[in-house]
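Heads up: the structure comes next, in structure tokens.
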Amino acid sequence: MPQKRSDRSDWAELQDAGVAAPRESGDREGDGGAVSLSEVAYGRILELLFARGLPAGASVSQNDLVRLVGVPVAPLRDALRVLQTEGLLTIHPRSGIRFVKADFEFAKNTYQFRSILERPAVRAYAEAGALAAMEALSARHERAIEALQRDGFSLDIVRELVKLDEILHFEIIAALGNPLVESTYRRVHNYLQLIRLDRTLTAPLALRTLREHLDLLTACMARDADAAEAALQAHFGNALQRTIGIF
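Just so you know, the sequence shown maps onto residues 1 to 247 in full-length UniProt numbering.
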């Protein structure tokens with residue numbers, strides 16, 4: 001299959017192409033790096049969900065999940081309880097496990113939560129973040145824009161956009177130096193991946209997102225915390241408006 005597409009690409013197709021970084025079970029807290037079966041189950045369920053192997057909004061029996069995930073019932077139940085706490089599914093004792101479907105309310109709440117976490121973080125990033133890293137990330141955005149305008153919309157461009165979005169926002173969160181916030185933000189990132197399963201990305205939307213990132217980075221490189229926070233808020237507002245088109 002050729003990589004270049006004439007005008008558009010689906011986030012779901014990106015999952016098939018391996019764009020979204022798989023959620024490694026080792027990313028979860030464990031004992032000295034050892035991975036438990038419940039952590040394996042947790043990671044595999046997320047991978048299946050984000051790759052559409054488990055359709056969002058679907059109800060699945062526990063036995064079906066045992067077969068799909070490939071772990072015994074006991075650790076699977078542990079993983080399901082964690083995922084229910086994180087808001088990604090609901091366990092119904094008689095009717096099975098129902099996975100959440102991202103609707104407008106889910107998207108609005110996710111972006112509100114994201115804003116609460118990132119607004120203080122972006123101020124810290126603007127005031128004390130590594131300037132060389134910001135400059136390198138800004139240059140990478142510029143190259144992505146040039147490639148998009150020169151070569152047109154392609155799966156490679158969208159892969160790069162997804163990666164840049166992840167790098168930028170996780171670097172912003174890391175500026176707080178708070179592992180509890182970072183752990184919470186990983187949950188938010190899972191919510192965003194779920195929302196994007198139903199999102200169609202086009203060349204104009206990709207270009208707009210890249211330019212919004214550049215505005216944010218420009219403010220941070222100028223060490224202007226107020227401008228950085230304003231750029232972040234504008235970016236989130238625009239992103240939510242783009243998301244509303246899904247529903």
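Where is the CB? At the ideal position from N, CA and C, for every residue including glycine.
C-beta atoms of residue i and residue j nearer than 8 Å
i	j	result
phenylalanine 236	alanine 203	no
leucine 210	leucine 161	yes
serine 36	proline 72	no
phenylalanine 106	leucine 54	no
isoleucine 195	threonine 110	yes
arginine 114	glutamate 229	no
isoleucine 66	arginine 44	Rather than isoleucine, the amino acid found at residue 66 in this sequence is valine. For valine 66 and arginine 44, no; Cβs fall outside 8 Å.
isoleucine 157	alanine 206	yes
leucine 155	histidine 141	no
glutamine 193	phenylalanine 50	yes
arginine 187	glutamate 86	yes
arginine 52	leucine 197	yes
glycine 57	lysine 101	yes
Three-state secondary structure assigned by DSSP to residue i
i	result
arginine 223	coil
serine 154	strand
arginine 94	coil
serine 59	strand
glycine 32	For glycine 32, the predicted model reports a pLDDT of 46, less than 50, meaning its position is unreliable; a value from the coordinates is still stated below. If DSSP states are grouped into helix, strand and coil, glycine 32 belongs with coil.
glycine 129	coil
alanine 51	coil
alanine 230	helix
glycine 245	coil
alanine 175	coil
Residue of the options minimising C-alpha distance to residue i
i	options	result
arginine 223	Val73, Ala74, Glu135	Glu135
aspartate 78	Tyr111, Ser38, Thr218, Ile172	Ser38
glutamate 171	Val122, Gln149, Tyr191, Leu155	Val122
threonine 90	Ser59, Glu47, Gly70, Ala102	Ser59
proline 93	Ser61, Gln112, Ala227	Ser61
alanine 41	Pro179, Leu83, Ile116	Leu83
asparagine 238	Glu212, Thr218, Ala227, Ala219	Glu212
leucine 148	Arg208, Thr218, Gln112	Arg208
arginine 199	Ala219, Asp103, Met221	Asp103
leucine 46	Leu214, His189, Leu201	His189
histidine 169	Leu217, Leu180, Ala128	Leu217
alanine 133	Ala56, Gln112, Ala174	Ala174
cysteine 220	Ala124, Ala234, Ala56	Ala124
alanine 128	Leu176, Ala144, Arg81	Leu176
leucine 214	Arg143, Leu180, Tyr191	Arg143
alanine 234	Gln112, Leu80, Asn178, Ala139	Gln112
For residue i, the residue or residues it bridges with in DSSP
i	result
valine 71	Answer is none; valine 71 lacks a bridge partner.
leucine 89	Phe99
CB-CB length for residue i against residue j, believed under 8 Å
i	j	result
alanine 126	alanine 225	4 Å
leucine 117	threonine 184	7 Å
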